[in-house]
Structures are given as C-alpha cells and as structure tokens.
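**Student:** Sequence lines, in order, name chains A and B. First residue of the first sequence? That's 1 in UniProt numbering, and the numbers climb one at a time after it. First residue of the second sequence? That's 1 in UniProt numbering, and the numbers climb one at a time after it. Have a look at the structure that comes next, please.
There are 2 protein chains.
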Amino acid sequence: MDSPIQSYLRTLHTELAGLKDGKPFGGIPAMAGVDPDRFAICLATVDGYVYEVGDSGEEFTIQSISKPFTYGLALSDLGLEAVDRKVDVEPSGNAFNEISLAPGTGRPANAMINAGALTATSLIKGSGGKTGFRRIVEHYSAFAGRDLSVSERIYQSEARHGYRNRALAHLLRSFEIIEQEPDPVAEDYFRQCSVLVTCRDLSVMAATLANGGTNPLTGKQVLDLEVEERVLSVMATCGMYDDAGAWLSDVGMPAKSGVGGGLLAVLPGQLGLAVYSPPLNDHGSSVRGVEASRRISHDMGLHFVRAARTGRNAIRASYDIADAPSGIRRTDEAADVLRDNAHRARVIELNGDLLFAGTESMVREVSDLDESVELIILDMRRVDETAPVALDMLEQLRTSLAKAGRGLVLIDGEGALAQRFEEDGRALPSFATRTSAVEFAENQLIASYGDELCQPATVDVADSPALSPLAAEDAAALAALMEEHSYDDGDVIRRIRQRFGGVYFILSGSVVTTSPGPENSRVKLSTLSAGMTFGEMALGSADRQETTVRAHGTVRVKLLPAETISRLESENPRLAVELWKALTRDAYAHVDRYMRETAVRIRD
Amino acid sequence: MDSPIQSYLRTLHTELAGLKDGKPFGGIPAMAGVDPDRFAICLATVDGYVYEVGDSGEEFTIQSISKPFTYGLALSDLGLEAVDRKVDVEPSGNAFNEISLAPGTGRPANAMINAGALTATSLIKGSGGKTGFRRIVEHYSAFAGRDLSVSERIYQSEARHGYRNRALAHLLRSFEIIEQEPDPVAEDYFRQCSVLVTCRDLSVMAATLANGGTNPLTGKQVLDLEVEERVLSVMATCGMYDDAGAWLSDVGMPAKSGVGGGLLAVLPGQLGLAVYSPPLNDHGSSVRGVEASRRISHDMGLHFVRAARTGRNAIRASYDIADAPSGIRRTDEAADVLRDNAHRARVIELNGDLLFAGTESMVREVSDLDESVELIILDMRRVDETAPVALDMLEQLRTSLAKAGRGLVLIDGEGALAQRFEEDGRALPSFATRTSAVEFAENQLIASYGDELCQPATVDVADSPALSPLAAEDAAALAALMEEHSYDDGDVIRRIRQRFGGVYFILSGSVVTTSPGPENSRVKLSTLSAGMTFGEMALGSADRQETTVRAHGTVRVKLLPAETISRLESENPRLAVELWKALTRDAYAHVDRYMRETAVRIRD
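Here it is as structure tokens:
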C-alpha cells in the first residue's frame, strides 16, 4: 500500500512545482545553466529510511551547506575552545557574504557566514597522508554514507570569480585569524563548496545530525554528541543568515541552505529533511526549499517547541505489596509476618521516558515515601527512554536509601536497565516480573521480621500449596506414590514439547522455566522454588510441555508420574477426585494471579 | 527523605555563592542599594512542583524578563502578522539597549531589545474597563499564578533616568512604529520593568512557557501554542542579546535575563528554571544566573539537542494472529477456516511515543504489509504520547485500507485513544486486551471465509471447550445434571465475594466480567460468549468469586451446581474424576494463554 507519508510528500511536491518565484544563483557562470524546474524533497528517518520525491538522485553542488560539516570537523579536530578563539558563535544578523568581523580582533561572528567558514576550512590540517581537503570530503562522505566527489567545472568557475572570498581570506590573514597563506585556503573553500551531493544525500546528512552524530545507514559515529550539540545550536541561530529568526519561529528546526539550491533541516532525535530546487529568494535560500520546509513542519508538528515531548509524570501507580502479593503460599508464621509488614515494601509503576521530567517525578515519589517503607520496587517495564540523569538519580536514591537501611529493587522486563547498572559495577536486584520482585521483597521482609520457622529450605510434599486443600492422610497417600529425583545445576528436567509426564513437587532448590519467544528469542518465564509444582501446565496445551524446565543449583523433586495418576483413577477414584480438584484449584489460583498482574491500573 | 534534586540544587547554590564576579545594575539610583549576596535558584516542573533554594521569596524587579511576556500578549491580542509588521524576529547581535532599527522603516530587529519591547508595550490597548498596563500586569500575574504589583519607588527612578528609552520611544514614533504619544508608552514600559517578582514566580512563569502555555499551578491556559512557539523561538535566538549564540550553544534553552538580577530558562515540555542574583556580567545578565543555568543544563542533560527524545521505531513486534490465537475453542469448521486464513489478520505491537518518528515507523510498517492482510490490529497499550500527526496518519491509513476492503483495529487498554477517535466521529473497533481483539479478528475471518456452520449462536453443553476432553456419554451424563437459567441484559449472575456456586456453561448470548481495580477503579476483564464457562475461577481464590459477572444482552446458561458436584464425587467418582480432569485442563489452558499474552517479546 502507498504510504500516507509518501503520498503526502508527493502531493506537496506537485503543488509546490507551481511555485515559480526566485532565480537560480547567478554569481558563477558555471552554475547559471541549471534547470530551474529540478525539484526534489527527501525525508530521512533516524533509523535510516529515506522518503524520496522528484529529482532526488540529481547531483548539484553543496555550496554553503558544507559550512556546518567543516565546522564540525574543525571542532572535532581541535576542540571547542581552540575553535572558539578563531570563530565566534553569535548571529550576525547579516547576509551570508557580509564581512562581520569583530572590531579589533577580526574574529568572524560565526561559522555559517563566509568569513567564519573560510576560517573553519583553514583549521583542517592534513594527517595520515591525507590533505586537509581530502579529510573534508571524507567527512562529508561519512555523513552522506557514500563517497562524494567535487565538480571540477564548478570549482574552476568559483576559483576564477571568487574575488570577494579571496578578499575575505586575505583580510582574515591580516588579523591572523587565518594563519597560513590565504589563497590555498580560499581554494580549498571553493572546492568544498563544489562537492556534489543529491537531495537524498543531504537528507541522510541531516538525519545523521538528528541521530546524535551516527549515520543511520552505515551505523558509523561521525560526530560526538558535544560537537553535534554545538553545530546544531549554531545552525539554529545562524544557519539561515539574516532570515534565521524568522526561520526558527516559523519552521523551528536548525537548518542550512546553499546557493546551489539545496537546503537541509534537522529535528534532533527525529528526522532529517532536505529539499533541492535552484531558484533562490533574496536571502540566497531555495524558494521551494523554504516553502516545503515550512509546510512539512506545520503539517507534521516538527517545530522544536511543538515536537518537544510532554514531560509527563512518570508515575503510573504506587501501592504496597499487600495489594499485589506474589501469591506464593506461605507458612502460617510467614503469612503473619507479611500481614504485619507488607506496608514496608512498595511497588511504584513508572511509564514514559525518564528524561528530566520523568526522572524528577520518580525521584520526588521515592523521596516522599514514609521512612517505614524499606523496599522500593520500581516497575520499569513500561519505561521507554532512560537518560543518563535517570541513572545518576537512581544511584543517588540508592545511596541515600542504603544509609537508612532501605533498598531499591527493579522490575525490568527485558533486563536492559539492570544490565546498564551491572556494567557500571552498581548492580541492583532486578526481576523480570512483578510477581518475582514481590516474592523477593516478601522473602526479605520474612527474613527481617520473622524467624527460622518462616522460610523452610525444604518443603514436604504434603505441605506444598498445590496439595494443601487435601486431608493429611490423602496428601500422605499421594506422597507415598511419588518417586524422588535429584538434579544438578543446569540439568534439563522437562523439555519443551515433551508429553505430560506427571506433576513435579519441588522439595528443595529451585528451577527456571523458559520458553521460545517469537522470532527466535528465548524468554525466561519464572523461577520456582521449594513447595511449588511444575509439569502440570502441559495439561493446558494438548498434554505437551510448553516450557523447558532447568535446575537452578541442586534440586530435589518428587514426581507423581502420569501413569501413576491413571492407575489411581481406576484403583482409588475418590483419591483421584481429591487430586484433580486440588490441581484445578491450584490452576485457577495461577489464573487469578495472572489476571491481577495484567489488570489495567489507572492512577486517579 | 531529602530529594536528590533538592540536595543537588542546594550543593550548587552553596558552591556558586562563592562566585563574586560582576556588579549589580547601576543605571538607576533606586536599584543601586541591592544586597549583592541575595541568591536563589528555583526549578518548576510542568506538573507544578517547585524546587526552591536560597532567597526564593525575595522580591525584585522583573526588568527585561518582562519583554517576552508583553510580546506574547501583543501577539495574542493582534495576531502574528500585525505584530510582525511592527517588530521583526531577527537577532540583532547587539546589546539590549542598542537602537537596532531597520534602515528606512525603523522596524526594531526583535522584541527582546528595548526598541522592540517598547513597541510591543505600545500595542497593548486597554479593554473591558482596564488600561493597557493593567492588562499587562494581569497577564504576568496569570503566568506567575499570583497577583503581582509594581515597585513605585523603582518605577519613579526609572522614569526619571530613562532618557535613552524615552529617546527610543520618540524615534519609534517618528517612524510611526509607535502610533500614539511616545511618553506614556515609555512610562508604561518603565512600569512593566518595575513589576516585582520572586525567583519562585519566575520559575513558574518559565514552567508555564514549558507547559504549552498552561500555568501548571492554576491550570489556566495563558497563551496558545502558536504564540508560545513564537515567543520561545524569539527567546532562543534573541533572548540573551549579544550572548544569544553562546547561550544556545552552551545552555541550549530559550532564556531571558533582566538587569534586576533575574534570569529564566525554558526547556519545552519539561521545566522552567529561574535564578536570582544581582551582580551582572558585561552582557547585563546575572553572573551566577548564567553559571547556574550552564551547570544545571550540563548536569541534567537539558540542552535542546540532548534533551530531544530519541525518535525510535515504535514497532515492538509484528506477527500474524496464528502466533497469538484468542484461545477460544472453535468448531472444527471454524478452526479449518482460521488455519487457512489467520495470515489475513496481523497484530502490530507499538511502544514509545507517536510523535513524528514513531508515527512514521507505524505508517511504514502498515503500508508495507502484504495486501492479503485484511485486518491490522494495532496494539497501542504501550504507546505513551500520541501527537496530532499520529491521529491524522491513522485516519489516512484507515481510509486507504478501507478502499481496499481492509481494516484497522485498536488494542487500547485504557481506551483513551479510542475515545479521541470517537470524539472526532471516526470510531475504530477497539479492545482492552489482545485476546479480545484477536477474537474479534477471528470472528471476522470466520464470517468472511466460513459458512453458517462456523459460528453457532448456541453451543450445547457437551460441545463446550471445557467438556471437550470427555467421552460423549460422560458429557451427556453431566449435562443431564445441570439446571438451565436465563438472564436479561445487565442482570448480575455472580457477584464478587460470593462462594463457589458451581460451573456455568453459556448456551447463548454473552456475559461481561469486571473486578474492582486498586484505588476504587473498576476494571472490565473479559467478555465470554456461547460455549465458554464461568464460576469455576472461584476455586482459585479460596472458593470466593473474584469477579462480578453480568449478562450482556439476554443470556442462557446451564449450571452444574456445587452441591451436585459434591454429590457426584461420592455417587459416581469415576465421572467426577473426568469432570475435574477436564476442568484442570481448561484452567491450565487459561494459564497458558495468559503466559503467552504477558510473555516479553523482543524484536530482533
């Protein structure tokens, strides 16, 4: 099916093809012959998809759009401070070819006007057997994701007619802003302006800027974030010359245009936009380029103020674990301990992004908890993006809490956050599901507030939750029919797709169940420990095991084999009824737990 | 517990109190006596929480920070075009008190320099019995969330010494940029600069700008989004005068400072920051204000490039419904139809934000589907923010799909999105859970590709999925023990907390189950239809009904009462074993379905 975005761009392209204002650049004879009707719009996403309409593969010279890229290379080579001594970052409010040098020092106002751009070019030195200019072209190529070349014809014409830029280079040399011979600098600058790009190339270059400096097609990191912050900031205030203020007000994206008819705009984090159409307005920018950018920004909500994500409160729900118990059956002693102490552990469900606003709301919620809350379980499964400030603040919360003997626990479904903490050597207890995190918290509370009666390492079959509805003599009679087995760490006890083989009761140790996820992933489902059962789930899926069960450490189990159950049904139907009834109840206890876990929670 | 953000701000405040550079404003005698050690930092969130450190309640005059607010009022009063004819939006690159009028027209470069600010003030007319100046103060007060007043003493001193501003007003009058008598305009301007604010006020004013123009304390919409986009854009390029470029590069937030020592900065969507400290730098901005903003921006990642949310692909998983069947048992005919046609319905799980980038990835995924996919189920439960562009694109997708006889279905847990579509009169089928959406899709496919055999309106007890493992004569024997009941729409069949009363088999019609959510919400859990069972769930929760079951339309059921089951266990234990075994399998089929529904899916 035709994409609505593609068809939107096609409609816009058709409509703006009727806009005939402006004239192609006439300053260089070699550029005068361009076809004014050439027109392309490209939009590249930060994951590397490029929408293309019109003459998107047509090559033209990059001209002033080269400026932010050379500036970025200079900043990467020399650092911000060294470059700042040569070129300021202030809007000049002047046209691209104005002189705009600071009185006394001769420092150009910014790197988007010609004086600043010439200076930036002068700062790129050769290295590794490559000339400075070779490095410039390779830098642009890394942005575009393909090898770019120079139009020799246009370069020659620029070199022949570039009196004003040569004058600027000499003037800059007189102030010692440019420190080498000015003519070769001007020639490198003419060459950089003569690099051939397509509209598609420009959109990928813009998307690389939008994508934190990483080219979304090649995956290569071309600029680091600090430099890219600087480049986009200067583009925002100075990129459109004397039209910069109106541009930012109206279009709201850092941008750069060139007299070759190209224009690119960047919405950080989202997309790169490029337009090619040679006729220019009075500011030297493509008429259709400006209009297309304006229209796309309005229609798609791309203005930086509008595109800012609402920094919502990240707290989805907050409740103590008594509202969402693990559901694990406990001894009476343990149940008493939990009843009295469940308020000491609290689940806070977060969602959205942990950028500043989300992080702040999380920090505030945790800081405001009563000091009697000892364990704070942060359910991060619905959190989308986690900024560095969130990790810092979590670390500070953890430190402050630890001083008071309190602790943080994460529920982190896919484990990505827990992994980032582990890499930093500051692991936090983390679990894939709420049930397991709450189980952990309950165990902590029982360990702190109960005694050894509460947490037996070994659970007798007769005491297992599954058989608890049975009379003692019935449970004992079933136990007598079971076989005892022992497994070592990592042993597979049940394998996926095996036939129902009976019900396993864990006497001591624990097992882990996994299942294949879609598209070849493997999903850890649960950890089961002493007193719990497995194997019976196969009854719900045509008698086939749906999970693989592995020993986690040494495990002792008792097995009530499938054949024994069948025999029991004919030899002692009364006891068989009791067994099946108990298993039904246990199964529905599971269903109940899942329903509670998945129920929609809405905070008032 | 002390919040880490509060303690971060306190540490910063202590540290920067040692920074003694700069001098308080000396241009007006009444302002010369200020204590240079007064110092406050406030940070207000878009949900209205204010962090305050230092002298946050101390009043001082707003001075130039008034400019963006008066400009916003002028834009609201007259519209953008009318104001633009009087004041441009270009950075002047000059100091705040430079003249910067366009040659010929006299139009000030922007509303952040004095000439533009005087012009904006001249545009505010009285109305509703209020003077223009009264309206200005009320506008500022709406931003601050409290009634602000004027320092008469400072106003008098400004009025006596404001020769330069009076000159500017007369000059603007000579160009007819100001159309009334210039002296009263200058006096209103001196008065607006003399409005008293606290650092806390400024942070709330900034948070109102960050919050799309709605004051987070009062909930009042003070500016509309179009005007606020403009105001923040002009603050970004011109707010810090001749320091604007360096500020945006380094701090990366639209901002405004005043010679009274105040400074505010805005991160759209996230927060408002304000600092008060009278000693000024050469640009007329608070030394500590600039340094505190810089530090907070770096430490919290607030630069507009860095704070931009990564526009990730919103597609979490995509699979056809055969990979996630509803689990509802079908007739053999229906099962055949589904086996052959399940690929015609596809679930696409989305997450993150549907701003531009997320929307684009959704649109692309749907557009690229094979045309044989007729029903596209968008699982929106993990989607956080939905921008207008997402609704537009969903609408366009729906229209394009409908032309080809294809359709969209939403899974929208909390129903918010479905509601927005309904309000616009363009309702889409939407469901709270994946299971119910898939059931709907299955029914559609069966209706399209099957015949009347497939979807019986009435299901005999013996054919219910729960009893399907039984031999036909056993199922018939159980059916003979059941009582038939009929209910009307809305009748409560089982009420929460009732004791286990037996197993209900739905013969025709459907029922809805609900349960109380935390914090007094009510959660709709499921719709059950002919062939399905209820009541047995109570066995999993100490024999107490955990849900309320209501008739949805007229419903006929057969009930196998609890007492009948008990009697059966002693009179016909073999049949009782078969019943309980069947119920166990059915229960585990439920567990299996839940596990599949909640399993973590990770896309490769």
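Beta carbons: idealized from backbone N, C-alpha and C, even for Gly. This structure is a prediction, so every number in the text was calculated from the model and none was measured.
If I follow the unbroken beta strand (DSSP E) through R288/A, where does it start and stop?
**Tutor:** As a position in the first sequence, residue 288/A is number 288, starting the count at 1. Looking at the DSSP string, R288/A is not in any beta strand (DSSP E); the run it does join, the alpha helix (DSSP H), is V287 to M300.
**Student:** Go ahead and label R567/A buried or exposed: buried means 16 or more other beta carbons lie within 10 angstroms of its beta carbon, across all protein chains shown.
**Tutor:** Stepping through the first sequence from its first residue, residue 567/A is reached at position 567. Classification for R567/A: exposed.
**Student:** Compare the C-beta of V389/B with all C-beta atoms of chain A and state if any pair is closer than 7 Å.
**Tutor:** Here the question's residue 389/B lines up with position 389 in the second sequence. Cβ-Cβ to chain A under 7 Å: yes for V389/B.
**Student:** Could you work out which residues of chain B lie near I321/A, taking near to mean beta carbons separated by less than 9 Å?
**Tutor:** Position 321 of the first sequence, counting from 1, holds the residue named residue 321/A. The premise fails here: I321/A is roughly 12 Å from chain B at the closest Cβ pair, so nothing lies under 9 Å.
**Student:** Is there contact here, the stretch 159–170 of chain B with the stretch 201–221 of chain B, by at least three beta-carbon pairs under 8 Å?
**Tutor:** The stretch 159–170 of chain B, when compared against the stretch 201–221 of chain B, does not touch it at the 8 Å Cβ threshold.
**Student:** Please return the same chain residues whose Cβ sits closer than 8 Å to the Cβ of S76/A, not counting the five positions on each side in sequence.
**Tutor:** The count along the first sequence starts at 1 and reaches residue 76/A at position 76. For S76/A, where only same-chain residues beyond five positions count, the Cβ hits under 8 Å are L223, D224 and V227.
**Student:** Looking at chain B, is there any beta carbon in it that lies within less than 7 Å of the beta carbon of R344/A?
**Tutor:** Numbered from 1 along the first sequence, position 344 holds the residue referred to as residue 344/A. False, the Cβ-Cβ gap to chain B never drops below 7 Å.
**Student:** Could you tell me the alpha carbon to alpha carbon distance between L397/A and G269/B, rounded to whole angstroms?
**Tutor:** Along the first sequence, read from residue 1 onward, the residue named residue 397/A stands at position 397. Along the second sequence, read from residue 1 onward, the residue named residue 269/B stands at position 269. If I take the Cα positions, the gap works out to 24 Å.
**Student:** Do you know how far the Cα of F500/B is from the Cα of Y319/A?
**Tutor:** One-based indexing of the first sequence puts residue 319/A at position 319. One-based indexing of the second sequence puts residue 500/B at position 500. C-alpha separation (whole angstroms): 29 Å.
**Student:** Quick one: which chain B residues come within Cβ less than 7 Å of L583/A?
**Tutor:** Locating residue 583/A in the first sequence gives position 583, where the first residue counts as 1. Those are T584, listed as they occur along chain B.
**Student:** DSSP three-state call for I154/B: helix, strand or coil?
**Tutor:** As a working mapping, residue 154/B is identified with position 154 in the second sequence. Here I154/B sits in helix by DSSP.
**Student:** When the cut-off is 7 Å and only beta carbons count, does E439/B lie next to chain A?
**Tutor:** Along the second sequence, one-based indexing puts residue 439/B at 439. So, not an interface residue.
**Student:** Quick one: give me the first and last residue of the alpha helix (DSSP H) that M205/A is part of.
**Tutor:** In the first sequence, the residue the question calls residue 205/A occupies position 205. Start and end: C199 to A210.
**Student:** Where L528/A and H552/A are concerned, what is the direct C-alpha to C-alpha distance, given to the nearest angstrom?
**Tutor:** Position 528 of the first sequence holds residue 528/A. Position 552 of the first sequence holds residue 552/A. C-alpha separation (whole angstroms): 9 Å.
**Student:** Given a cut-off of 7 Å on the beta-carbon distance, is the pair F431/B and I411/B in contact?
**Tutor:** The residue you call residue 431/B lines up with position 431 of the second sequence. The residue you call residue 411/B lines up with position 411 of the second sequence. Taking 7 Å as the Cβ cut-off, F431/B and I411/B qualify as a contacting pair.
**Student:** Verify the CB distance criterion: does I178/B have a CB-CB separation below 7 Å to chain A?
**Tutor:** By 1-based counting over the second sequence, the position of residue 178/B is 178. False, the Cβ-Cβ gap to chain A never drops below 7 Å.
**Student:** In whole angstroms, what is the alpha-carbon distance linking A169/A and I178/A?
**Tutor:** As a position in the first sequence, residue 169/A is number 169, starting the count at 1. As a position in the first sequence, residue 178/A is number 178, starting the count at 1. Rounded to the nearest angstrom, the two C-alpha atoms are 7 Å apart.
**Student:** Measure the beta-carbon distance from M393/A to T359/A and round it to whole angstroms, keeping in mind my assumption that it falls under 8 Å.
**Tutor:** Along the first sequence, one-based indexing puts residue 393/A at 393. Along the first sequence, one-based indexing puts residue 359/A at 359. That pair is a contact at about 5 Å.
**Student:** With 16 as the cutoff for other CB atoms within 10 Å, does D604/B come out buried or exposed?
**Tutor:** Translated into positions along the second sequence, residue 604/B becomes position 604. For D604/B, the predicted model reports a pLDDT of 28, less than 50, meaning its position is unreliable and no value from the coordinates is stated.
**Student:** How big is the Cα-Cα spacing for G106/B and A120/A?
**Tutor:** For the purposes of this step, residue 106/B is taken as residue 106 along the second sequence, with counting starting at 1. For the purposes of this step, residue 120/A is taken as residue 120 along the first sequence, with counting starting at 1. Each residue's alpha carbon lies about 35 Å from the other.
**Student:** Which residues, taken in chain order from the stretch 220–232 of chain A, show a beta carbon closer than 8 Å to some beta carbon of chain B?
**Tutor:** Answer set for the stretch 220–232 of chain A: L225, E228, E229, R230 and L232.
**Student:** What's the gap between the Cα of R420/B and the Cα of A206/B?
**Tutor:** Here residue 420/B corresponds to residue number 420 of the second sequence, with the count starting at 1. Here residue 206/B corresponds to residue number 206 of the second sequence, with the count starting at 1. Taking the straight line from one Cα to the other gives about 30 Å.
**Student:** For N110/B versus V234/B, is the C-beta distance shorter than 7 Å?
**Tutor:** The residue you call residue 110/B lines up with position 110 of the second sequence. The residue you call residue 234/B lines up with position 234 of the second sequence. Yes; because the gap between Cβ atoms is below 7 Å, this pair is in contact.
**Student:** With 16 as the cutoff for other CB atoms within 10 Å, does V137/A come out buried or exposed?
**Tutor:** One-based indexing of the first sequence puts residue 137/A at position 137. By the neighbour-count rule (16 or more Cβ atoms within 10 Å), V137/A is buried.
**Student:** Identify, in the order they occur along the chain, each residue of the same chain with its Cβ nearer than 6 Å to the Cβ of P429/B, setting aside the five sequence neighbours on each side.
**Tutor:** For the purposes of this step, residue 429/B is taken as the residue at position 429 of the second sequence. Counting only Cβ-Cβ distances below 6 Å, and skipping sequence neighbours, we find V409.
**Student:** Which runs of the alpha helix (DSSP H) fall wholly inside the stretch 75–150 of chain B and span at least 4 residues, in chain order?
**Tutor:** Listed in chain order, they are 80–86, 114–123 and 132–144.
**Student:** Is I124/B closer than 7 Å to L78/B when the C-beta atoms are compared?
**Tutor:** Sequence index remark: in the second sequence, residue 78/B carries index 78 (1-based). Sequence index remark: in the second sequence, residue 124/B carries index 124 (1-based). Contact flag unset, no.
**Student:** Checking contacts by CB at 7 Å: is N114/B closer than that to chain A?
**Tutor:** Numbered from 1 along the second sequence, position 114 holds the residue referred to as residue 114/B. No, its Cβ sits nowhere closer than 7 Å to a Cβ of chain A.
**Student:** When burial is assigned at 16 or more other CB atoms within 10 Å of the CB, is A103/A buried or exposed?
**Tutor:** The residue given as residue 103/A occupies position 103 in the first sequence. Per the sequence shown, the amino acid found at residue 103/A is Pro instead of Ala. Label assigned to P103/A: exposed.
**Student:** Ignore the nearest five residues each way along the sequence and tell me which others in A265/B's own chain have a CB closer than 6 Å to its CB.
**Tutor:** Residue mapping note: residue 265/B aligns to position 265 of the second sequence, counting from 1. Within the same chain, A265/B has close Cβ partners M253, A255, L273 and S293.
**Student:** Is the separation between the beta-carbon of T237/B and that of A244/B shorter than 7 Å?
**Tutor:** For this step, residue 237/B is matched to residue 237 along the second sequence. For this step, residue 244/B is matched to residue 244 along the second sequence. The answer is yes: Cβ separation under 7 Å.
**Student:** With DSSP as the reference, label S3/B as helix, strand or coil.
**Tutor:** Position 3 of the second sequence holds residue 3/B. In the structure shown, S3/B sits in coil (DSSP, three-state: anything other than H, G, I, E or B).
**Student:** What do you get for R601/A, buried or exposed, if any count of 16 or more other CB atoms within 10 angstroms of its CB means buried?
**Tutor:** Residue numbering aside, residue 601/A sits at position 601 when the first sequence is read from its first letter. Low local confidence applies: a pLDDT of 36 at R601/A is under 50, so the model's placement there is unreliable, with the coordinate-based value given in what follows. R601/A should be labelled buried.
**Student:** Between G413/B, D201/B and R230/B, which has its C-alpha nearest E90/B's C-alpha?
**Tutor:** The count along the second sequence starts at 1 and reaches residue 90/B at position 90. With distances taken between Cα atoms, E90/B lies closest to R230/B.
**Student:** Within the continuous alpha helix (DSSP H) that includes R544/A, where are the two ends?
**Tutor:** The residue you call residue 544/A lines up with position 544 of the first sequence. Counting along the chain, R544/A falls outside any alpha helix (DSSP H), and DSSP gives it neither H nor E.
**Student:** Please report the straight-line C-alpha distance between G415/B and E422/B, rounded to a whole angstrom.
**Tutor:** Residue numbering aside, residue 415/B sits at position 415 when the second sequence is read from its first letter. Residue numbering aside, residue 422/B sits at position 422 when the second sequence is read from its first letter. Computed Cα separation, rounded: 10 Å.
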